[in-house]
Amino acid sequence: MGLSCFMFAAVYAFYRYLKAPSAWRMVVVGIAAGLALASKHTGILVFPMLLLALTEILRRDQAPVDPAPAPKRSRIWKLAGALVIIGIISVGILWAFYGFRYEARADHLQINPPFASFLNGLSRPRDIHLISTVGRWHLLPESYLYGLADVRIMSDFYSSYLLGTTYPHGVWSTFPQPSRSNRR
């Protein structure tokens with residue numbers, strides 16, 4: 003429920019920001035996106051949603067019925083900069099929820115299995131590379147990365163039920179997956 007509320011809030015606040023840009027509205031988008039990230043691991047999908055909203059706005063500005071020229075580069079750079087600032091704010095909020103600590107356990111205690119071993123449970127090498135790179139650079143808390151990897155691993159091994167059908171694996175519309183081609 004929290005994820006749905008914060009995702010809706012982030013997308014709506016971004017829409018409002020695009021209609022009348024201001025620093026306050028940009029901060030509100032960042033806060034809502036950060037709360038979506040903190041509420042559930044699949045909240046990370048808020049960023050592709052914001053990119054889709056941005057491309058829709060830019061596409062609408064370039065409609066063939068409008069003889070006006072394409073949006074100016076300065077507007078595109080402003081919107082790209084706003085997305086970067088929104089990302090920084092939201093990731094900052096996520097870090098605040100994890101106490102600004104990278105390690106999953108306090109006092110440098112190790113989780114069993116270690117992070118690198120846990121990532122080997124992922125079925126796709128690109129997923130392993132992406133999550134391990136984010137971990138190596140300490141861009142997100144280690145606990146959050148464990149959770150992201152776990153969501154991805156579980157999508158391959160647990161059955162799911164969607165619209166009256168039981169599937170032996172996760173369905174592409176219920177788990178974040180890079181592609182549909184490697185399902186069992």
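Residue numbers (our numbering): 3 to 186. Cβ atoms here follow ideal geometry from the backbone N, Cα and C, with glycine treated the same way. These numbers were taken from a predicted model, which means no experiment stands behind them.
Query: Unbroken beta strand (DSSP E) run spanning Tyr169, endpoints; Result: Thr167 to Tyr169
Query: For Leu164, three-class secondary structure by DSSP; Result: strand
Query: Nonlocal neighbours in the same chain, by C-beta distance under 7 angstroms from Leu121, ignoring five residues either side; Result: Ile130, Ile133, Ser134 and Ala151
Query: Pair within 8 angstroms by beta-carbon distance, Ala12 and Ala40; Result: no
Query: Lys80 to Val31 span [Cα, whole Å]; Result: 15 angstroms
Query: Residue closest to Tyr98, alpha-carbon to alpha-carbon, out of Tyr146, Leu20 and Pro170; Result: Contrary to the premise, residue 98 reads as Ala rather than Tyr in this sequence. Checking every option, the nearest Cα to that of Ala98 belongs to Tyr146.
Query: Buried versus exposed, by CB contacts within 10 Å (16 or more), Ser236; Result: Since the first residue of the chain shown is 3 and the last is 186, residue 236 is not available in this structure.
Query: Where Val111 sits in the DSSP three-state scheme; Result: Per the sequence shown, the amino acid found at residue 111 is Leu instead of Val. In the structure shown, Leu111 sits in coil (DSSP, three-state: anything other than H, G, I, E or B).
Query: Beta-carbon proximity of Ala55 to Phe8, cut-off 8 angstroms; Result: no
Query: Buried versus exposed call for Gly137 [16 or more other C-beta atoms within 10 Å across all chains shown]; Result: buried
Query: Span of the alpha helix (DSSP H), counted from its first residue to its last, around Pro127; Result: Pro127 to Arg138
Query: Simplified DSSP state of Ser24, which is helix, strand or coil; Result: coil
Query: Distance between Leu60 and Gly188 (C-alpha atoms, nearest Å); Result: Look at the range of the chain in this structure, 3 to 186, and you will see that residue 188 is not part of it.
Query: Tyr169 versus Phe159: straight-line alpha-carbon distance, rounded; Result: 10 angstroms
Query: Backbone CA spacing between Val93 and Leu142 [nearest angstrom]; Result: 8 angstroms
Query: Burial state of Ile90 (16 or more Cβ within 10 Å); Result: exposed
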